[in-house]
Amino acid sequence: MLAHLPILQVIVPLIGAPVCVLLSRASLVWLFALVVSGLSFIISALLLQQVLMSGTIIYELGGWDAPWGIEYRIDRLNALLLLIISAISTLVLLAAQTSINKEIPAEKHTQFYILYLLSLTGMLGVVVTGDAFNVFVFLEISSLSSYALIALGRDRRALWAAYQYLILGTIGATFILIGIGLMYQMTGTLNMADLAARLPEVAQTKTVLTAFAFVITGVCLKLALFPLHLWLPNAYTYAPSIVTAFFAATATKVAFYLLIRFTYSVFGVSFSFTALPLQFLFMTLGLLGIFVASIAAIYQTNVKQIFAYSSIAQIGYMVIGFSISSVTGLTAALLHIFNHALMKGALFLALGAVVYRIGSVQISQFQGIGQQMPFTMAAILVAGLSLIGMPLTVGFVSKWYLLSALIEKGWWPAALLILIASLLTLVYVWRIVEVAYFKPPLSTHSTVNEAPLAFLIPIWLLVIANIYFGIDTRLSVEVAHSASESLLQAQGLVIP
Amino acid sequence: MLMGLFNNWVVVVLMMIGLYIVIAHGNLIKKIVGLTIFQTSVFIFYISMAKVDGGTAPILMANVTKYANPLPHVLILTAIVVGIATMALALALTVRIKEAYNSIEEESIQEQNTKQASELDELDPRSDKY
C-alpha cells in the first residue's frame, strides 16, 4: 500500500468525484468529499515523511521503465506542494457546507463537490507527475473545473469572470502545449528527468529557446504574474467564497511550482538564467507587480477584491525570490508559497464567514463588525498582520528570508522597495481594520452575530498555523531549504 | 527551405489568425472560434511533427521497416478532447452570459458591469450583491 501512495494521491480524489453523483443527499456528499480530501491529506503527509526519510520517490505507472512509460516523481519540492494543497483543500471543505448553503442553489451542491474534487485532482496531478505532457492534461482538468466553479458565483459578473479566465487560461495552457511539443521535437522524450538530460545537447538551437519562451509565458499566464494577471481579480471576487479561499491558497501555487520545475529542473538553471534575461525580467515584473497591485488594492471598495489584488502582489514576492536563483532566494520563494497559502486561506475563509452573516463584502458593510463578529474579525486582523509581515507571524519569516537573500546578493534597492511595499500592505489592511473596529455597527446589521463554528474552526486552525509557523519555523524552513538546495544541487551549483 | 517547413508556416499563420480573432473581436462566440483555430494550429503542429519521410502508418506489417511516430498522434488526441471540453464549457458560459446580460458583446457587458459597480457604491445596505 505504502509503495502505491504516489498514484493513490491522484486516484483517490479522481474516483471520489464521480462517486459523489451516487450519493443522494447533499450533506452526505459533503461528508464524502471531506473524507476524500482528508485521505489525500494523509497520503501527502505520509509522502512528505517518506521523502524526508529516504529521498526522491519514483513511481512507474504500469511497471514500464521511465523514458517509455509515465513516471510519477516526488522530491521534497513536490511533497511540500502536495501537503499545502491537500491540507488547504481539507480545511476549506470543513467550512464548505455552511457557506455554499447560503451562496449556491441547493440543486447545484452535488455538482459543486464534484467540480471541487476534480479541481483538487488536477492540482495534485500537476505536482505529482514527472511527465511533461501529463502536466498539461492535469492542468486542464483543474482549470476546466475551476472555470465552472467560478461561474457558480451568484453575481452575474461571476459568469463574465469565468469566461475571461477561460480564454486566458486556455491560451496559457496551449502555450505550454506548444512548448512541450517543441521540446519533444528536439529530444524525442516527454519525461522531465530525461528532458533535463537531453536538452543541454541542443540548448543552442532556436527551437529550444522558443520552447522555453512558450512554456514560461504560458506558466506566467496561469500564475497571474503582472502584467498577465488580468483574469485574477474578477475571478477571485465573484467566485463563491469557498472557491476563492481554495484557489487563492492553491491554484497560483501550482503554476508557480511549474515555473520552478521547468526553469530549475527541466531546462536547468544555467540555461534558464542565461538564455533570456530572466533574472532581470522577473525581478522587474515582480517589483512592478507588487507596487501596481498593492496600489490598486488600496483603491478597491470590495474587500474580496482588495485581497485579490493583494494576491497578485504576493505573487510578486515569490517571483522575486525565484529570480534571485540562490538557495536563500528559492527558500524564501518556497516559504512564501507555504505561508501565503496559510494567510490567504484564513483571510478568504473569514471573508466567507462575513458573507454568510452580512451577505456582502463591500467595505462600507464592515462597519462595526469588530464588535459583532469578534472572532472572525480577529482572524482577518491576524492574517492581515501576517500579510504585512509582522514578527511572530509567518509573513515575517518569508519576508526575512527574502530580504536576507537580496542583501546576500547585494541588491539593496530591491530590498528597500520591498520594505516600502510592506507599508502599502499596511494601508489596505488598516482600511478594513479601521472600518471594522472604530465605526459603530450599521443599524441594518443589528441582528448580526458571530459566524457559526463550522467556519470558525477551519479559520482559526489556519490562523493558529499562521502564528505557529511564524514562531516555530523548523518544519517549513527545513523542507523549503532542503528542497531548494536539492534543486540547485542537481545542477552542480551547490557543493553538498 | 521554405517548402520544407511548409507545415510549420501553416501552423504559425493559423496560430496568429486565431490569436488575432481572440484579441480583436468583442463577440464572445467569435472569440471562441478564434480560440479553436488557435488550438487547432497546435494540433496540426503535433501531427506534422510525427511524419517520417517514407514511413507508413504505425501498424505492424510485413516488408515495412519505417513507421511514422505514433506518440504525437496519441498525445494530440488527448489535447483534442481537452479542446472540445474547453469549447463546450465556453459555449455553455456564453449561453448563461446571454441570459444574464442579454448580450454577447464584450463592450455591452463591460458597460453593464461598470454601471452595476457604480450603483453598488451608492449602496443599498441590504443589497444582496457583493
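If you read the protein sequences in the order shown, they are chains A and B.
Every number in the numbering used here is 33 more than the matching position in the first sequence, counting from 1.
Every number in the numbering used here is 5 more than the matching position in the second sequence, counting from 1.
We treat Cβ as the ideally placed atom computed from N, Cα and C, and that holds for glycine.
In chain A, what lies closer than 8 Å to B:M54 by C-beta? Within the second sequence, the letter at position 49 stands for residue 54 of chain B. Chain A residues near B:M54: G214, Y217, Q218.
Between the alpha carbons of A:Y350 and A:V325, how many angstroms are there, rounded? Within the first sequence, residue 350 of chain A is the residue found at index 317, counting from 1. Within the first sequence, residue 325 of chain A is the residue found at index 292, counting from 1. Going by the C-alpha atoms only, they are around 13 Å apart.
With respect to the beta strand (DSSP E) encompassing A:I107, which residues constitute its N-terminal and C-terminal limits? Numbered from 1 along the first sequence, position 74 holds the residue referred to as residue 107 of chain A. Its beta strand (DSSP E) spans residues 104–107.
Beta-carbon proximity list for A:L110, same chain, < 6 Å, skipping 5 on both sides: Within the first sequence, the letter at position 77 stands for residue 110 of chain A. Here the set comprises A516.
Is the shortest distance between the beta-carbon of B:F50 and the beta-carbons of chain A less than 9 Å? Within the second sequence, the letter at position 45 stands for residue 50 of chain B. It does; some Cβ of chain A falls within 9 Å.
Compare the C-beta of B:Y25 against all C-beta atoms of chain A and say whether one is closer than 9 Å. The count along the second sequence starts at 1 and reaches residue 25 of chain B at position 20. Taking 9 Å as the CB threshold, B:Y25 stays off the interface with chain A.
Pair within 9 Å by beta-carbon distance, A:A226 and A:E104: By 1-based counting over the first sequence, the position of residue 226 of chain A is 193. By 1-based counting over the first sequence, the position of residue 104 of chain A is 71. Closer than 9 Å, so yes.
Between the beta-carbon of A:F502 and the beta-carbon of A:V415, is there less than 9 Å? Numbered from 1 along the first sequence, position 469 holds the residue referred to as residue 502 of chain A. Numbered from 1 along the first sequence, position 382 holds the residue referred to as residue 415 of chain A. The answer is no: Cβ separation not under 9 Å.
Show which residues of chain A have a CB atom less than 8 Å away from the CB atom of B:T91. Locating residue 91 of chain B in the second sequence gives position 86, where the first residue counts as 1. By Cβ distance, chain A contributes E173, L177, L199, T203.
Answer yes if the stretch 271–280 of chain A comes into contact with the stretch 210–226 of chain A, meaning at least three C-beta pairs across the two stretches below 8 Å, and no otherwise. no
Would you please verify whether the beta carbon of A:Y196 is less than 9 Å from any beta carbon of chain E? Among the protein chains of the structure shown, namely A and B, there is no chain E.
In chain order, which alpha helix (DSSP H) runs of at least 4 residues are fully inside the stretch 123–162 of chain A? 142–161
When burial is assigned at 16 or more other CB atoms within 10 Å of the CB, is A:W101 buried or exposed? Within the first sequence, residue 101 of chain A is the residue found at index 68, counting from 1. Answer is exposed; the Cβ neighbour count stays below 16.
Starting from the C-beta of A:D108, find all residues in its chain whose C-beta is less than 6 Å away, skip the five residues before and the five after it, and write them out in chain order. Sequence index remark: in the first sequence, residue 108 of chain A carries index 75 (1-based). Cβ neighbours of A:D108 beyond the five flanking positions: T89.
DSSP has A:Y470 in a bridge; who is on the other side? What you label residue 470 of chain A is simply residue 437 of the first sequence in a count that begins at 1. Bridge partners of A:Y470: none, in fact.
Identify each residue in the stretch 242–266 of chain A for which the Cβ-Cβ distance to at least one residue of chain B is less than 9 Å, and report them in chain order. none
Would you call the stretch 123–140 of chain A and the stretch 248–265 of chain A in contact, with 3 or more CB pairs under 8 Å? no
Residues of the stretch 96–110 of chain B with Cβ closer than 8 Å to any Cβ of chain A, in chain order: L98, T99, R101, I102, A105, Y106
List the DSSP bridge partners of B:T61. Here residue 61 of chain B refers to the residue found at position 56 of the second sequence. Answer is B:Y72, bridged to B:T61.
What separation, rounded to the nearest whole angstrom, lies between the Cα atoms of A:T428 and A:L420? Here residue 428 of chain A is taken as the residue at index 395 of the first sequence, counted from 1. Here residue 420 of chain A is taken as the residue at index 387 of the first sequence, counted from 1. For the record, residue 428 of chain A in the displayed sequence is Gly; it is not Thr. Roughly 5 Å separates the two Cα atoms.
Write down the C-beta distance between B:V27 and B:L40 rounded to the nearest angstrom, noting that I regard them as a contact closer than 8 Å. In the second sequence, the residue the question calls residue 27 of chain B occupies position 22. In the second sequence, the residue the question calls residue 40 of chain B occupies position 35. About 6 Å; that satisfies the 8 Å criterion.
Unbroken alpha helix (DSSP H) runs of length 4 or more, entirely within the stretch 342–425 of chain A: which are they? Counting whole runs of 4 or more residues, the stretch 342–425 of chain A contains the alpha helix (DSSP H) stretches 360–391, 402–405, 407–421.
Any chance the stretch 164–172 of chain A sits against the stretch 222–239 of chain A, with 3 or more Cβ pairs inside 8 Å? yes
Could one say the Cβ of A:T207 lies closer than 9 Å to chain B's Cβ atoms, at least one of them? Taking the first sequence and counting its residues from 1, the one referred to as residue 207 of chain A is at position 174. Output row for A:T207: interface = yes.
May I ask which residues mark the beginning and end of the alpha helix (DSSP H) holding A:Y297? Stepping through the first sequence from its first residue, residue 297 of chain A is reached at position 264. Unbroken run through A:Y297: none, as it is neither H nor E.
Taking only beta-carbon atoms, is A:Y180 less than 9 Å away from chain B? Translated into the one-based positions of the first sequence, residue 180 of chain A becomes position 147. Yes, its Cβ sits closer than 9 Å to a Cβ of chain B.
For A:A206 and A:L254, I'd like the C-alpha separation in whole angstroms. The residue labelled residue 206 of chain A in the question sits at position 173 within the first sequence. The residue labelled residue 254 of chain A in the question sits at position 221 within the first sequence. Near 9 Å, if we compare the C-alpha coordinates of A:L254 and A:A206.
Quick one: any contact between the stretch 342–358 of chain A and the stretch 444–462 of chain A, if contact means 3 or more CB pairs under 8 Å? yes
In chain order, what residues of the same chain lie with their CB nearer than 6 Å to the CB of B:Y135, ignoring the 5 residues before and after it? Here residue 135 of chain B is taken as the residue at index 130 of the second sequence, counted from 1. Annotation note: pLDDT 43 at B:Y135 (below 50); position unreliable, coordinate value reported separately. Closer than 6 Å at the Cβ level, and outside the excluded window around B:Y135, lies no residue.
Tell me the rounded alpha-carbon separation between A:Q312 and A:A288. Locating residue 312 of chain A in the first sequence gives position 279, counting from the first residue. Locating residue 288 of chain A in the first sequence gives position 255, counting from the first residue. Straight-line Cα distance between these residues: approximately 18 Å.
I want to verify the contact list: residues of chain A whose CB lies under 8 Å from the CB of B:F43, in sequence order. Locating residue 43 of chain B in the second sequence gives position 38, where the first residue counts as 1. For the C-beta of B:F43, the chain A residues within less than 8 Å are, from N- to C-terminus, I204, T207.
A:Q398 burial status per 10 Å Cβ neighbour count (16 or more: buried): By one-based count along the first sequence, residue 398 of chain A stands at place 365. Buried is the call here.
Taking the beta strand (DSSP E) that B:I138 falls in, what are its first and last residues? An answer regarding residue 138 of chain B cannot be provided, because it is not within the stretch 6 to 135 covered by chain B.
Less than 9 Å between the beta carbons of A:G417 and A:I353, yes or no? Taking the first residue of the first sequence as 1, we reach residue 417 of chain A at position 384. Taking the first residue of the first sequence as 1, we reach residue 353 of chain A at position 320. No. Outside cutoff.
Start and end residues, alpha helix (DSSP H) containing A:E234: As a first step, residue 234 of chain A must be located in the first sequence, where it is residue number 201. First-last for A:E234: undefined, no H or E at that position.
In whole angstroms, what is the alpha-carbon distance linking A:I137 and B:V57? By one-based count along the first sequence, residue 137 of chain A stands at place 104. By one-based count along the second sequence, residue 57 of chain B stands at place 52. Those two C-alpha atoms are separated by around 53 Å.
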